[in-house]
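Trainee: Take this structure first; my questions come after.
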Amino acid sequence: MAPPPSSAFDSSITLNINGDKHTLTVDHRTTLLDALRERLDLTGSKKGCDQGQCGACTVLLDGRRAVSCLQLAVAAEGRAITTVEGLSDEGQLHPVQQAFLDLDGYQCGYCTPGQICSAVAVIEEHAAGWPSAVTEDVRPEAGPPPLSAEEIRERMSGNLCRCSAYVSIVQAVARAAATVQAEPATAAPAGAEEAAA
Amino acid sequence: MKEFGYQRALDVPGALALLDADADARFLGGGTNLVDLMKAGVERPSRLVDVRELPLDRIEPTADGGLRIGATVTNSDLAAHPGVRRRYPALAQAVLAGASGQLRNMATVGGNLLQRTRCGYFTDVTKACNKRVPGSGCPAVEGEHRNHAILGASSHCVAVHPSDMAVALAAFDAVVSYETAGGPGELPLTEFYLPVGGTPHLETALPQGALITGVTLPPAPVAALSRYRKVRERASYAFAIGSVAAALDVRDGVTREARLAFGAVASKPWRARAAERVLTGAPADAGTFAAAADAELAAAEPLPHNAYKVTLMRNLVVAVLTGLAEEAAR
Chain C
1 MAPPPSSAFD SSITLNINGD KHTLTVDHRT TLLDALRERL DLTGSKKGCD
51 QGQCGACTVL LDGRRAVSCL QLAVAAEGRA ITTVEGLSDE GQLHPVQQAF
101 LDLDGYQCGY CTPGQICSAV AVIEEHAAGW PSAVTEDVRP EAGPPPLSAE
151 EIRERMSGNL CRCSAYVSIV QAVARAAATV QAEPATAAPA GAEEAAA
Chain D
1 MKEFGYQRAL DVPGALALLD ADADARFLGG GTNLVDLMKA GVERPSRLVD
51 VRELPLDRIE PTADGGLRIG ATVTNSDLAA HPGVRRRYPA LAQAVLAGAS
101 GQLRNMATVG GNLLQRTRCG YFTDVTKACN KRVPGSGCPA VEGEHRNHAI
151 LGASSHCVAV HPSDMAVALA AFDAVVSYET AGGPGELPLT EFYLPVGGTP
201 HLETALPQGA LITGVTLPPA PVAALSRYRK VRERASYAFA IGSVAAALDV
251 RDGVTREARL AFGAVASKPW RARAAERVLT GAPADAGTFA AAADAELAAA
301 EPLPHNAYKV TLMRNLVVAV LTGLAEEAAR
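Same order as they appear, the protein sequences are chains C and D.
Everything in the first sequence is counted per UniProt numbering, starting at 1 for the first residue and increasing by one.
Everything in the second sequence is counted per UniProt numbering, starting at 1 for the first residue and increasing by one.
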């Protein structure tokens, strides 16, 4: 058990990370990123800018990608948190991880966990029919756009790579998308009912 | 960062009670702007009241054929919603033009409306800023103002509002709903943001302690043919240096109805009513579109380093309206 909170500025929380529950007392200022790295030894998520601009800290919250540097740990209680450590399945790499390996989707590797978490979500968002800023016709009747290199670049634009491995990253995301194409989306858009049409 | 209390609200009355009209407490939505500003020391709340789990996460049709968007709907869900994409496509495009996939998953509609300017002087606590410290001055007027306002600014502040979403909402006559301890209220989005004048620190007409509960889009058949186009300094994931939300109803080459709003040119989304008046009833051609842009931009008061925005906006208006007119003719 974590020690009880000592002031109005701390809380005892339980975080659900990669299917495991972790109880800890946090200063409210603690970001989810710092809780993962400094308190729970989950150092896969990286701190780049700490301002929500680089994407190195990307994790999945309830299946949706988010930057953990702008997510307060205390506000993440009750949500299903998936980090890069939680993507593989009993030693079997996630198709996105495998594609990044096979196609050299990195150079130094620092941004890679964030790129991979983001790409996992990009593939699900696209499968769920979400348009992007480069989708010419966003109307639902137009149907989902093909996951072209242009679409991948736009959808991955929240993840910066200072080694500029973008060419390989785009290829890796495209290959992974083709691999998981048959799998159902886990991040279907809420309110997708046609009733509002 | 200063220490702060944290409480999670589960319903609207609870949220209002927890805030308790404490001027130093803040509602926390997605946190994409507030947490960032807290790290920078610009925001120093005593307490956060987390409203992300309030039951305001629905997008529902209204009886008259509009849409009601809850305040905690994420930007992602707003942009993905079939009804938004079909009936107000420029709104979906505007949301998709903003931030990144990660941030759109976190950011809420209510928080998007209340986000603060990205003016570099505002976000740097070592600099003077009338918005952050009233009376301390505005270094942007004499300094770095390439991305700043050309319309509706004052010598006290030339910052622009950064939202893309709000530009489309302004074009479509959106109405903001809120709750206070004393009861509910409404504000048209075009009256939601206060004129800059000598009080740039007073940004919205929301009463102290009010909680935004949603945004209502009235029915707008004209919006079915609409477009949001954003100009920025890189292809993606950057704030606008100028943007346009536009809708046109063109029949037999004549504009019957037009909606036009500008982004990144003022302290608020700028509804271009002077331009709309020129467009309405006139031929839908490039000459009229340019005249409409000129009518709106006649009020522009650019600074030495942002005069380019006047030309940029004129060209943007002509390009977007020309594209819509061509689409209408197909």
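From the three backbone atoms N, C-alpha and C, an ideal C-beta is built for every residue, glycine too.
#1: Return helix, strand or coil for I152 of chain C, following the three-state DSSP convention.
#2: When DSSP labels each residue in this structure, what does G214 of chain D get in the three-state scheme?
#3: Would a check of beta-carbon distances place L70 of chain C closer than 8 Å to chain D?
#4: Show which residues of chain C have a CB atom less than 8 Å away from the CB atom of G31 of chain D.
#5: Can the beta-carbon of P269 of chain D be found closer than 8 Å to that of A166 of chain D?
#6: Can you grab the Cα-Cα spacing for the pair G5 of chain D / E124 of chain C, in whole Å?
#7: Against chain D, with Cβ distances strictly below 8 Å, would A197 of chain C count as a contact?
#8: On the three-state DSSP scale, how would you describe H28 of chain C?
#9: At 4 residues or longer, what runs of the alpha helix (DSSP H) sit wholly inside the stretch 195-280 of chain D?
#10: Just the C-alpha distance for L36 of chain C and T43 of chain C, rounded to the nearest angstrom, thanks.
#11: Quick one, are the C-beta atoms of V59 of chain C and T25 of chain C less than 8 Å apart?
#12: For Y121 of chain D, name the three-state secondary structure that DSSP assigns.
#13: If you draw a straight line from the C-alpha of V222 of chain D to the C-alpha of A328 of chain D, how long is it?
#14: What did DSSP end up calling K39 of chain D once you bin it into helix, strand or coil?
#15: Is DSSP giving R330 of chain D helix, strand or coil here?
#16: I'd like the span of the alpha helix (DSSP H) that includes residue 242 of chain C, first residue to last.
#17: Return the bridge partner residues of E186 of chain D from the DSSP annotation.
#18: Cutting at 7 Å between CB atoms, please list the residues of its own chain near Q115 of chain D, excluding the five before and the five after it.
#19: Under 7 Å Cβ-Cβ, which residues of chain C neighbour V244 of chain D?
#20: Just the Cα atoms here: how many angstroms apart are residue 333 of chain D and K127 of chain D?
#21: Between which two residues does the beta strand (DSSP E) containing N130 of chain D stretch?
#22: How do the stretch 275-287 of chain D and the stretch 236-243 of chain D stand: do at least 3 beta-carbon pairs fall below 8 Å, yes or no?
#23: Please check the pair V158 of chain C and L103 of chain D, which I expect to be a contact at CB under 8 Å, by giving their CB distance rounded to whole angstroms.
#24: Output, in chain order, the set of chain C residues within a Cβ distance shorter than 7 Å of Y6 of chain D.
Mentor: This is what the structure holds:
#1: helix
#2: strand
#3: yes
#4: L70, Q71, L72 and A75
#5: yes
#6: 36 Å
#7: Unreliable placement is indicated for A197 of chain C, whose pLDDT of 36 sits below 50; no coordinate value is reported for it.
#8: coil
#9: 273-279
#10: 7 Å
#11: no
#12: coil
#13: 11 Å
#14: The answer is helix: DSSP assigns K39 of chain D an H, G or I state.
#15: Here DSSP, grouped into helix, strand and coil, assigns R330 of chain D to coil.
#16: Since the displayed chain C opens at 1 and closes at 197, residue 242 of chain C lies outside it and no answer follows.
#17: D:S177
#18: N33, P162 and S163, listed in sequence order.
#19: Contacts between V244 of chain D and chain C, judged by CB atoms closer than 7 Å, are missing: the closest CB pair is about 15 Å apart.
#20: The structure shown does not extend to residue 333 of chain D, since chain D is modelled only from 1 to 330, so the question has no answer here.
#21: Here N130 of chain D belongs to no beta strand (DSSP E), and DSSP marks it neither H nor E.
#22: no
#23: For the record, residue 158 of chain C in the displayed sequence is Gly; it is not Val. 7 Å between Cβ atoms; contact.
#24: S11, H28 and V74
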